[in-house]
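Quick note: to get our numbering, add 2 to the position in the sequence shown (first position is 1).
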Amino acid sequence: MKGPKDRYKILNHSRLFAPLVVIFALLTGSPLSASESDPLAAFSDPARIWGNGIERVIEEAFRLCFKTRIIGGKVINIRMPFAENYERELLSDTSWEFLGGGKGNPAMLWPAIEGIIDSEAFAEYANTLSDGWEQVIIFDISRQSWHSSRELFDLARMKAGSYRGLPHRPYVLVSGQGIEESDVYNYLYCVGLAGMDCSGFVWHILSYIGTQGGLDLGRTLSRTLGVLRGADPAWYVGTSFFNSNSSVLVTVNDQIRNLRPADIILFRGSDGGMAHSAIIQSIDFSNGIIRYLQCTDEAPLDERGVHESFVYFDPARTTLSLGDPGHRWTQKRYAPFPGEKDSPFSDDGERYRAFSELGGGKVVRLRTLGPVIERLNRR
């Protein structure tokens, strides 16, 4: 019988990182037999780790943001990329818009992403990264294009840490030894313009919870959000909404003991508003572990986009605020592309505590989902 700590250890293996028999099937094109697929389905069932309540439902929504594909002869786990509109346009003479404005859901985004990956243009990119030559890939987000440079000057500058890229024109040094997960992300972000922003991801999770509990959250909140007839409610849900005074939101006293799955963590920006949002998936009070989920590109290269993060706390001190410096936040923050300006925060804990003079981070709860979560937890 697995203990509480073990479920975190086996988490990644049971999510979408395919077992060997699935990898074999993908490589050979051989269909899985019923006897093979049934045990695999049982192995990957979120209930195996999280039970049948709200934690399982949030995990299911999280897993919808991942796909496993064979690319360039490798098994690559594709995570939903981050989507960022306008922030990188400062030095560009052309604006751009991510598919769905960063508010698309997996059902809408994955067909587009898979179409990009199956395209001849992406195949050319993958082949270039596998031609054996060290080179610099230069993206142009405003034109949704890229080109490769093998100029010794470009290579030397990148290796010396003298980055020549611009916000809308990232430079990436590659070995030419084959495409990696981070390379797929770079293409989807810079050329495909497909992904979710932070609040789009949180809304996806909240909407999925509602659906599993028989509630159309978008329709229920349409009047509160001011949704125009025929419009997608997701377009109206940003981090500013989660930080609003709406009666559908409850500000949670952020002592650890008060936190619950589906609570929304808000990170404050320098202007006093909330600049980022994430959502709690589980709180293990016995072992002192909070698992929260988010979508951002200020992360290690292979975690950019949708990913899981953890806070470790002392189980004997649950009256402490989430912002107490004694907690250990494991999520490190890095520049989206190596060479760009580093994040001003070393980890999410520092980011949550930032701008304390303006109020710092905070936690809110969507009141509307309370009865739904209660029903899901009674399953």
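Idealized CB from N, CA, C, for every residue including glycine.
Around the beta-carbon of S164, fewer than 16 other beta-carbon atoms lie within 10 Å, marking it exposed. Listed in chain order, the beta strand (DSSP E) elements of length 3 or more contained wholly in the region 137-191 are 137-142, 147-151, 173-176.
Note that the region 188-202 touches the region 110-118; at least 3 beta-carbon pairs, one per stretch, sit closer than 8 Å. In this structure the region 307-323 lies against the region 244-263, because at least three pairs of beta carbons, one per stretch, are closer than 8 Å. Excluding sequence positions up to five before and after L227, its CB lies within less than 6 Å of the CB of P235, Y238, all in the same chain and listed in chain order. Shown here, S132 sits in coil according to DSSP, grouped into three states, outside any helix or strand. Distance from F287 to A277 at the Cβ level is roughly 29 Å; contact not present, criterion being Cβ atoms closer than 8 Å.
Here K69 is bridged, per DSSP, to I80. F357 sits in coil when the DSSP states are folded into three classes, being neither helix nor strand. The way I'd put it, the region 174-183 does touch the region 122-135; three or more beta-carbon pairs between them come closer than 8 Å. Secondary structure note for Y294: it is in no alpha helix (DSSP H), and the uninterrupted beta strand (DSSP E) holding it is 291-298.
CA-CA distance, G351 to P172, rounds to 28 Å.
Looking at G167, E310, M82, I291, the one whose alpha-carbon comes closest to that of M110 is M82.
In terms of Cα proximity to E376, the closest of D47, P48, I56 is I56. In this structure, L175 is the residue among L175, D142, H170, Q146 with its C-alpha nearest to the C-alpha of F155.
Note that the C-beta distance between V59 and I211 is below 7 Å.
When rounded, the separation of the alpha-carbon atoms in L168 and P340 is 12 Å. One alpha carbon belongs to R330, the other to L371, and they sit about 29 Å apart. Approximately 4 Å separates the beta-carbon atoms of K105 and G202; this is inside 8 Å, confirming the contact. Look at the region 103-129 and you find no whole run of beta strand (DSSP E) that is 3 residues long or longer.
CA-to-CA, the gap between S150 and S345 works out to about 27 Å. DSSP places G220 in the helix class (H, G or I) of the three-state scheme. Annotated three-state conformation of V250 is coil, per DSSP. Spatial neighbours of D185 in its own chain (CB-CB distance under 6 Å, excluding positions within 5 residues in sequence) are listed in chain order as L131. One thing to note: F100 has its Cβ within 7 Å of the Cβ of A85. In this chain, the alpha helix (DSSP H) harbouring Q214 covers 200-214. Under the DSSP assignment, R367 falls in the beta strand (DSSP E) whose first and last residues are 364-368. When K343, N289, V308, D299 are compared, the shortest CA-CA separation from F315 is found for N289.
The C-beta separation of R369 from G363 comes to about 20 Å, leaving the pair out of contact by the 8 Å criterion. The C-beta of R221 has fewer than 16 other C-beta atoms within 10 Å across all chains shown, which makes the residue exposed. Per DSSP, reduced to three states, the secondary structure at E99 is coil, with no helix or strand assignment. Shown here for P338: same chain residues with a beta carbon closer than 7 Å to its own, the five before and five after excluded, namely D299, E300, R306 in chain order. Boundaries of the alpha helix (DSSP H) around A49: 49-52. For the pair L251 and R367, the Cα-to-Cα distance works out to about 6 Å.
With respect to I291, I281 sits apart: the two C-beta atoms are not nearer than 7 Å.
Note on geometry: alpha-carbon atoms of Q333 and D349 lie some 5 Å from one another.
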